[in-house]
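First to last, the protein sequences are chains A and B.
Count along the first sequence from 1, then add 462; that gives the number in our numbering.
Count along the second sequence from 1, then add 73; that gives the number in our numbering.
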Amino acid sequence: MSEKLAIIIASEEYEKSHVASMIASVAAVSGVDVSIFVTMNAVYNFLKENVEKKNFTGGKLYEQIKEKKAAMFYELFDSAKMLGGLKIYVCSMVMDILKIEKDDLIDIVDDHLGLAAFLGIMEGAETITF
Amino acid sequence: MTEEELKQLKPAVTVDARGTYCPGPLMELIKEVRQQPVGSVIELISGDAGSAKDVPEWLNKVKQEFLGVIPGDGFWRIFAKKVKDM
C-alpha cells in the first residue's frame, strides 16, 4: 500500500462515514499519511448541529451501532488524529452553497479546501471514495 | 511462543478492550505501545474476533513484535512486545 491515503466522502449515508473513519484510523496509526475530503451531502454529517443531535441518515447497521453504543465515526476520527497523521478537509464549494462557516463544523475538521488543493494532496496517494 | 510460555509472561500492562468494536481494541493497544518503554510486554484482551488477526498484521507493519494469542471463551488474549520507539 502507498504511504499516502486519500479518502473522499460524498454520501450522507452514515455507514459510509463510519467505514471511512475505520479505514482512516487503522491506516493513520500504521504510519500512513491520511487525508479526508468531505464533500456533497457528507458535509451534513460533519455539522456540529447534526452531530450533537445524532441526526444522521443511516440504515440497519447505523441502528445497531447506536444500540450497541459502538464508537461513532467522529470519535474514531478523533482518536486517529491523536495517534497518527490524519487531516480532515471540507469542500469549500459546499460550504459556500450551504453558507456554513468553519465554526459550524465539528472540531476534528482541520480546514476547508478547494479541489485543486485536494487534487494536489491526492497526487501519488491511494484514493478511496465513499 | 506457546500458550504455556505466554501464560508465564508478566505484562507491563493489560488493556481490557472487551466491549469495544473494531478498530477499538487495536486503537487501545496502540495507545499503550506508544506510552510504554521499549522492552515492555503488553497484553490486549479483545472480544472482537477480528483482533486476533488484525493485531499481528499491524504489529508486523509497524515492526513491533507479536508474541502470540491465547483464545479464551468469547475473548482473545493477545501479547505484544514493544521492541522500538514509535
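Virtual Cβ for every residue (Gly too), placed ideally from N, Cα, C.
According to the DSSP secondary-structure assignment, residue 150 of chain B is paired through a beta bridge with B/118 and B/143. In its own chain, leaving out the 5 sequence neighbours on each side, no residue places its CB closer than 8 Å to the CB of residue 146 of chain B.
Separation of residue 487 of chain A and residue 571 of chain A (C-alpha to C-alpha, rounded to the nearest whole angstrom) is 15 Å. The alpha-carbon separation between residue 471 of chain A and residue 491 of chain A amounts to approximately 20 Å. A distance of 7 Å or more separates the beta carbons of residue 157 of chain B and residue 106 of chain B. Interface criterion not met: the Cβ of residue 481 of chain A is under 7 Å from no Cβ in chain B. The criterion of a C-beta distance shorter than 7 Å is not satisfied by residue 85 of chain B and residue 124 of chain B. What residue 493 of chain A touches in chain B, judged by beta-carbon distance under 8 Å, is 134 and 135, going in chain order. Under a 10 Å Cβ-count criterion, residue 121 of chain B is classified as buried, with 16 or more other Cβ atoms of the shown protein chains found around its own Cβ.
From the beta-carbon of residue 154 of chain B, no residue of chain A is found nearer than 9 Å; the closest lies around 18 Å away. At a Cβ-Cβ threshold of 7 Å, residue 483 of chain A and residue 518 of chain A do not count as neighbours. Under the criterion of beta carbons closer than 8 Å, residue 545 of chain A and residue 104 of chain B qualify as touching, at roughly 7 Å. The three-state reading of DSSP puts residue 570 of chain A in coil, since its state is none of H, G, I, E or B. In the structure shown, residue 592 of chain A falls within a coil segment according to DSSP collapsed to helix, strand and coil. Proximity of residue 496 of chain A to chain B, defined by a Cβ-Cβ separation below 7 Å, is not satisfied.
The beta carbons of residue 143 of chain B and residue 76 of chain B sit closer together than 7 Å.
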